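**Student:**
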Amino acid sequence: MLRLRIIIFAVLIFCVISGPLIPKEGNETVKSNRPDHLKAVPLERDGELNKDLRKELLLSKENGGDKHEDSNLSTKELIELMFRQSDTNKDGKLSQDELFRKVKKNIRSHLDEGKKESNKLFQLIDKNANGLVDWDEYKNHFMVKKNMASQEHVEDHQDHDNHLDSDSRFALDQEKYSFKQADADGDGLDEMEWLSYQHPENSKLQLNELAQSILKSLDTDKNGYLDADEFAQVPPGVVEGENTDRDYQNERRKEFEDLIDQDKDGKVMKFELVEYLNPLSDARLSEEVKEIFVLADHDDDGFLTLKELMDNSESLALSSFIRPKMRLHDDL
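For the sequence shown, the residue numbers in mature numbering (1 follows the signal peptide of the UniProt record, and there is no 0) are -18 to -1, 1 to 314.
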């Protein structure tokens, strides 16, 4: 259900949100080399599906996600951990409200974590402490991080990038291109620009630009909003088979009507897309909680017991409900 819900965005705006392509050799192009993962956002930066969305919703670093993932806890052990953390009134069962509050707390934790990591990295890279990170400062950090050069080498040699092989040179050129795109005024990145560059999910501006890209891609009649037909269109080559196409379109229409079209006027404006993409959107988080209950609340009593979750451990694991990633971005 989650994959069907967002795959149309992934396909149609891939080229837009992944950034401009730069040439490699001949006709080959590679997209800008920025971190793909946007924690707690339905889509990745590069347009791929966020396969870890539900695990990011249910376990966070603040609540021990990293520590317990490092210790190789089993899926059932992680489910029990999540359950104990969510059961705030200790009655042995989870209400939708308890799970919702847990989910929202985790999202806030992820966003705060991104800000802290961004600030620490900014202070580390801003060698002259002028409140800006320029390309030369960032290049040194990037080369050391990617094992292109040692810290000693970049500190002692101004021409430390001359020795690079073709692959490393291309990776560096990609990163430079991305950095220059973010540094529109050419004076370096201040802390807010740096946060937006490294963690777009924390940036209202980035979410607004993503919503604009989605609108531009799907608004076939160019009237400035999306209707249900536009939102439910099937991208060529993505879904095969008449029955599958019909299911896909029905799923998209249901999402359009139930989740995104806030004022129920049959039109989705950009502000409604921004709200959908917002990691802290109550409407979207509520929908995720409902889907977890549909999966696990077999007796339909409106509560989840630990046994119900354990009985569905395989489905939860396959749906990426449990194991969080250790860091906001693997390649910071």
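Ideal placement from N, C-alpha and C gives every residue a C-beta, glycine not left out. Quick caveat: nothing in here was measured; it's all calculated off a predicted structure.
Beta-carbon separation of Leu259 and Leu187 under 8 Å?
**Tutor:** For the purposes of this step, residue 259 is identified with residue 277 of the sequence shown, where counting begins at 1. For the purposes of this step, residue 187 is identified with residue 205 of the sequence shown, where counting begins at 1. For Leu259 and Leu187, no; Cβs fall outside 8 Å.
**Student:** What does DSSP give as the partner residue(s) for residue 317 in the beta ladder?
**Tutor:** Past the edges of the chain, shown from -18 to 314, lies residue 317, and the structure says nothing about it.
**Student:** Return the CA-CA distance between Met174 and Leu291, expressed in angstroms with no decimal places.
**Tutor:** Taking the sequence shown and counting its residues from 1, the one referred to as residue 174 is at position 192. Taking the sequence shown and counting its residues from 1, the one referred to as residue 291 is at position 309. Taking the straight line joining both Cα atoms gives about 41 Å.
**Student:** What are the residues that DSSP puts in a beta bridge with Val250?
**Tutor:** Here residue 250 refers to the residue found at position 268 of the sequence shown. Answer is Leu208.
**Student:** Among Asp118, Leu103, Lys249, Leu146, whose alpha-carbon lies nearest the alpha-carbon of Asn177?
**Tutor:** Counting from 1 along the sequence shown, the entry for residue 177 is found at position 195. According to the sequence displayed, residue 177 carries Leu and not Asn. Taking only the C-alpha atoms, the option nearest Leu177 is Leu103.
**Student:** Could you check what DSSP says for Val115 in three-state terms: helix, strand or coil?
**Tutor:** The count along the sequence shown starts at 1 and reaches residue 115 at position 133. Reduced to three states, the DSSP call for Val115 is strand.
**Student:** Could you check if Leu106 is buried or exposed, using at least 16 other CB atoms within 10 Å of its CB as the buried criterion?
**Tutor:** Taking the sequence shown and counting its residues from 1, the one referred to as residue 106 is at position 124. Looking at its Cβ environment, which holds fewer than 16 other Cβ atoms inside 10 Å, Leu106 is exposed.
**Student:** If Phe65 and Leu267 are in contact, beta carbons under 8 Å, what's the gap, nearest whole angstrom?
**Tutor:** For the purposes of this step, residue 65 is taken as residue 83 along the sequence shown, with counting starting at 1. For the purposes of this step, residue 267 is taken as residue 285 along the sequence shown, with counting starting at 1. The Cβ separation is near 18 Å, so there is no contact.
**Student:** If I follow the unbroken alpha helix (DSSP H) through His135, where does it start and stop?
**Tutor:** In the sequence shown, the residue the question calls residue 135 occupies position 153. First-last of the alpha helix (DSSP H) with His135: 133 to 138.
**Student:** Roughly how many angstroms separate the alpha carbons of Val221 and Gly113, rounded to a whole number?
**Tutor:** Position 239 of the sequence shown, counted from the first residue, corresponds to residue 221. Position 131 of the sequence shown, counted from the first residue, corresponds to residue 113. Confidence in Val221 is poor, its pLDDT being 49 and thus under 50, which makes the residue's placement unreliable; the coordinate value appears in the next sentence. One C-alpha to the other measures close to 49 Å.
**Student:** Pull up the CB-CB distance for Leu154 and Asp167, whole angstroms please, since I reckon it's below 8 Å.
**Tutor:** Within the sequence shown, residue 154 is the residue found at index 172, counting from 1. Within the sequence shown, residue 167 is the residue found at index 185, counting from 1. Between Leu154 and Asp167 the beta-carbon gap is near 22 Å, outside 8 Å, which marks them as no contact.
**Student:** Could you round the C-beta distance between Phe213 and Arg234 to whole angstroms and report it? I think they count as a contact, below 8 Å.
**Tutor:** One-based indexing of the sequence shown puts residue 213 at position 231. One-based indexing of the sequence shown puts residue 234 at position 252. Rounded, the Cβ-Cβ distance is 6 Å, consistent with contact.
**Student:** Should Ser297 be labelled buried (16 or more other beta-carbon atoms within 10 Å of its own) or exposed?
**Tutor:** The residue given as residue 297 occupies position 315 in the sequence shown. Classification of Ser297: exposed, given that the 10 Å Cβ count is below 16.
**Student:** When every heavy atom of the ligand NAP is checked, does at least one fall within less than 7 Å of the C-beta of His145?
**Tutor:** Because no ligand of any kind appears in the structure shown, any question about the ligand NAP cannot be addressed here.
**Student:** Under 8 Å: do the segment 271 to 280 and the segment 237 to 246 share three or more Cβ pairs, one atom per stretch?
**Tutor:** no
**Student:** Given a cut-off of 8 Å on the beta-carbon distance, is the pair Gln180 and Ser100 in contact?
**Tutor:** Here residue 180 refers to the residue found at position 198 when the sequence shown is read from its first residue. Here residue 100 refers to the residue found at position 118 when the sequence shown is read from its first residue. Taking 8 Å as the Cβ cut-off, Gln180 and Ser100 qualify as a contacting pair.
**Student:** Where Gln231 and Lys127 are concerned, what is the direct C-alpha to C-alpha distance, given to the nearest angstrom?
**Tutor:** Taking the first residue of the sequence shown as position 1, residue 231 is located at position 249. Taking the first residue of the sequence shown as position 1, residue 127 is located at position 145. The straight-line gap from Cα to Cα measures roughly 44 Å.
**Student:** Looking only at its own chain, which residues have a Cβ that is under 8 Å from the Cβ of Asn184, when we skip the five neighbours before and after it?
**Tutor:** Within the sequence shown, the letter at position 202 stands for residue 184. Same-chain partners within the cutoff: Leu93, Gly96, Lys97, Ser100, Leu177, Ser178.
**Student:** Looking at the structure shown, is Pro5 part of a helix, part of a strand, or coil, going by DSSP?
**Tutor:** For the purposes of this step, residue 5 is taken as residue 23 along the sequence shown, with counting starting at 1. Reliability fails at Pro5, whose pLDDT of 41 lies under 50, so the model's placement of it is uncertain and no value is given.
**Student:** From Asp79 to Glu254, what does the alpha carbon distance come to, in whole angstroms?
**Tutor:** Position 97 of the sequence shown, counted from the start, is the residue given in the question as residue 79. Position 272 of the sequence shown, counted from the start, is the residue given in the question as residue 254. C-alpha separation (whole angstroms): 24 Å.
**Student:** Quick test of your reading: Lys288 and Glu62, contact by CB under 8 Å. State the CB separation rounded to the nearest angstrom.
**Tutor:** Residue numbering aside, residue 288 sits at position 306 when the sequence shown is read from its first letter. Residue numbering aside, residue 62 sits at position 80 when the sequence shown is read from its first letter. Per the sequence shown, residue 288 should be read as Leu rather than Lys. With 8 Å as the limit, Leu288 and Glu62 qualify as a contact, their Cβ atoms being about 6 Å apart.
**Student:** Which whole-angstrom value describes the C-beta separation of residue 315 and Gly248, a residue pair presumed to lie in contact below a C-beta threshold of 8 Å?
**Tutor:** An answer regarding residue 315 cannot be provided, because it is not within the stretch -18 to 314 covered by the chain.
**Student:** To which residues of the same chain is Ser56 closer than 7 Å at the C-beta, ignoring the five residues directly before and after it?
**Tutor:** Counting from 1 along the sequence shown, the entry for residue 56 is found at position 74. Excluding positions up to five away in sequence, the list is empty.
**Student:** Take Met251 and list the residues in its own chain whose beta-carbon comes closer than 6 Å to its own, dropping the five residues that flank it on each side.
**Tutor:** Against the sequence shown, residue 251 aligns to sequence position 269. Cβ within range, chain order: Tyr207.
**Student:** When you compare only the Cα positions, how much space is there between Ser295 and Ala278?
**Tutor:** The sequence position of residue 295 within the sequence shown is 313, counting from 1. The sequence position of residue 278 within the sequence shown is 296, counting from 1. Cα-Cα distance, rounded: 9 Å.
**Student:** Leaving out the 5 sequence neighbours to the left and right, which residues in its chain are closer than 7 Å to Leu171 when beta-carbon positions are compared?
**Tutor:** Position 189 of the sequence shown, counted from the first residue, corresponds to residue 171. Cβ within range, chain order: Leu114, Val115, Ala164, Asp165, Tyr179.
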